[in-house]
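Peer 1:
Below is the structure:
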């Protein structure tokens, strides 16, 4: 992997913030918040002061980008941007940490405590949103003209609480006290329509929506590091075109009078409304169209305002689709160019195709969006007509290349005719639309990209092999090492210099030093301090005392069957049973940490959370174990919680079924912070292992081709259970109610599918996983060898910076189209 080079250009205007400015700005803000609690008042004041300084950089960046010449502006459309807390990142980018501490009034908490008062912005959920946030950091740091576009969710996905071991969803009230980071843009307001009908007059189509909402822009500034540049996350807030129906109000029908306002506000209530109901599916489609319509109207308005030719909009701009959620974008861009700007079909399609690119994040068909045609026709009649025309022209091309192959034509159509699923319901396939409209389609790890063209998009790859490529994901070291783990960052500065902060490939210099006793001892001290912080949090949050010298074994991510938290839990039960059977053995003490949210309608994932808690109640209270095994589930996983957990991890669990995880970025964050990885040969684990040295990773389990083969031959999980005494004991313990607390049916719904078909091959991989865990124990018993391996892991992570990822996108995906 290559490393992105930093552009020499810097934004015009201020050369650097004056350190004397922040205290004055903060004191002024504090004077306006005298009634607020001390910690809240201080972080709000510092955030307001930092935002004022960043706003100047924002204005200078916009002026510079307007004069950018031939450089394309990237518009990154994503339903999620998981930003995390912003104040620490802003102070770091402005190099004002010391000034911020000095700005705090006498008697105020220290800066570290003040930073803890900031709520996480609930604009994302998992890896997809955090990747988008890392990209915004790299856009700014690399000086790329760009906008991120998303929605301003008032309550995020949900705040997770645990009640009797069960997940409870509650609204995430992150905006309860407002957000000092938001910059309302009242002049940027666009009309977004739904429903209605289409007229054809004078050779021109005109969509007349039955209802409209106003999309109001609210900006969130993302600073670059080591540069004056910033990036912009532009969020859309839906507002009623007419906030009140005065006629209905006057006649006393007050509920009807506010219906338009309620309908608009509903679009911003939550991320990913439960789409198991018709109302939920409609709300989600409306959200996705709000995002793409407002964003594309904003793009075109800016392009024209800067003097651009509408025919050249695709040459000057990129519209990047982060997964299929924004895949309505090519339909809306075509509508705007055809109906609003008067281009003919060929010119509009050329511009749309030049502009559009698409990242696929999953190979699982159930995760690829499709929409019922009756719903699309009811909400977006003009867009459905455009989709039909795109499909007609596209299938003519397919038939010309593959004459007589109507089975291929059916597979490649944008429309699923219901022959395989959905009860015969016709649907619009958004991944197919994204592929057909895009000039480039990328996967996010080498294995994922290969499987993408071999399986999911095989027909399209045969038609357009040059369209498909790989861009392996990366993470920003500013957030995930400098900010999250200052102790380790300082250690690296001391031993290899600070160049890695701006060019992560400089971590390679650590390899030659990794075996040194002094650096190894210093690393273990830094790790122990991080573990002490996490142990204190566990004690405060759960009332559970854990050993700081134990091996901290961590799996934190979205709870999903393919990520196999259940496999991890099975080995915890096996370890528990083994300790009970032989308490006198020399057991490596472990603290096993889980965190993550399950989608509200995902019963199996919620069942895993319940089982984790039920096992924890037994393990953590069994006096026979002492403190040799503790099981922890930390609720309401977030970026801020990740920043506490990841630096403390000794072992990173990356154990998805081979061929199911597109890439992963948690695997990179953990390794960058000196955790060793136990993982399958899946996603970016493969490239990480190759970069660090395969022997540095505890690899186990079936490979992707082996997993596919075993399924094709007729996989029977019971054969693996019968062949493993340890596995049999684990399954029996769950089945016979050892962790059911008096309710023998408590885990039946979770266990039965595992015994009958086990789609993610937990039974097949269990023994190999246990052997890998035994190798972990063996290495842990030699602290110097463990530290040396951890440092070699860090040394190999230089290619996994989001700066490198964005550099790859610039060269391979977003480069200007050939004339």
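Numbering (this note's numbering), first residue to last: 96 to 914. All C-beta atoms, glycine included, are put in the ideal place defined by N, C-alpha and C.
1. To which residues of the same chain is residue 713 closer than 8 Å at the C-beta, ignoring the five residues directly before and after it?
2. Do residue 627 and residue 686 have their C-beta atoms closer together than 7 Å?
3. What does the Cβ neighbour count give for residue 459, buried or exposed, with the cut at 16 atoms within 10 Å?
4. Select from 295, 617, 327 and 791 the residue whose C-alpha is nearest the C-alpha of residue 892.
5. Could you tell me which residues DSSP puts in a beta bridge with residue 277?
6. What is the residue span of the beta strand (DSSP E) that residue 412 lies within?
7. How about residue 754 and residue 799: do their beta carbons lie closer than 7 Å?
8. Whole angstroms is fine: what's the gap from residue 177's alpha carbon to residue 679's?
9. Rounded to the nearest angstrom, what separates residue 952 and residue 653 at their Cα positions?
10. Can you list, in chain order, the residues of its chain whose CB lies under 8 Å from that of residue 347, leaving out five sequence neighbours each side?
11. So which of 337, 571 and 692 has the shortest CA-CA distance to residue 306?
12. Thinking residue 135 and residue 250 are a contact (beta carbons under 8 Å), I'd like their distance in whole angstroms, please.
13. With distances taken from CA atoms, which of 419, 898, 342 and 367 is nearest residue 599?
14. Determine the direct distance from the alpha carbon of residue 709 to that of residue 263, and round the result to whole angstroms.
15. Determine the contact status of residue 633 and residue 727, defining contact as a CB-CB distance below 7 Å.
16. Let me know the alpha helix (DSSP H) ranges lying completely inside the stretch 438-501, each 4 residues or longer, listed in chain order.
17. Which term fits residue 342, buried or exposed, when burial requires 16 or more other beta carbons within 10 angstroms of its beta carbon?
18. Assess, as a yes-or-no matter, whether the stretch 531-538 is touched by the stretch 448-455 under the definition of 3 or more beta carbon pairs within less than 8 Å.
19. So what does DSSP say about residue 236, is it helix, strand or coil?
20. Please return the same chain residues whose Cβ sits closer than 6 Å to the Cβ of residue 756, not counting the five positions on each side in sequence.
21. Roughly how many angstroms lie between the CA atoms of residue 636 and residue 730, to the nearest whole one?
22. Between 698, 282 and 438, which lies nearest to residue 298 when the distance is taken from Cα to Cα?
23. Could you give the DSSP three-state label for residue 211: helix, strand or coil?
24. On the DSSP letters alone, give me the boundaries of the alpha helix (DSSP H) that residue 874 sits inside.
25. When DSSP labels each residue in this structure, what does residue 884 get in the three-state scheme?
26. With three or more C-beta pairs closer than 8 Å as the rule, is the stretch 490-504 touching the stretch 302-320?
27. Does the Cβ-Cβ distance between residue 428 and residue 391 come in under 7 Å?
28. DSSP state of residue 903, grouped into three classes?
29. Provide the residue(s) that pair with residue 535 in DSSP beta bridges, ordered along the chain.
30. For the beta strand (DSSP E) holding residue 774, just list the boundary residues, first then last.
31. Distance, Cα to Cα, residue 725 vs residue 623?
32. Between which two residues does the alpha helix (DSSP H) holding residue 69 run?
33. What does residue 294 pair with, by DSSP beta-bridge criteria?
34. Report the rounded CA-to-CA distance for residue 409 versus residue 436, giving the unit in angstroms.
35. Between which two residues does the beta strand (DSSP E) containing residue 565 stretch?
36. Tell me the residue span of the beta strand (DSSP E) that contains residue 749.
Peer 2: Straight from the coordinates:
1. 671, 833 and 834
2. no
3. exposed
4. 791
5. 315
6. 412-417
7. yes
8. 46 Å
9. Past the edges of the chain, shown from 96 to 914, lies residue 952, and the structure says nothing about it.
10. none
11. 337
12. So it is not a contact: roughly 20 Å between Cβ atoms.
13. 898
14. 16 Å
15. yes
16. 440-450, 468-474 and 476-496
17. exposed
18. yes
19. helix
20. 777 and 778
21. 9 Å
22. 438
23. coil
24. 857-875
25. helix
26. no
27. yes
28. helix
29. 452
30. 771-774
31. 17 Å
32. It is not possible to answer for residue 69, since the shown part of the chain is limited to 96 through 914.
33. 301
34. 14 Å
35. 563-565
36. 746-749
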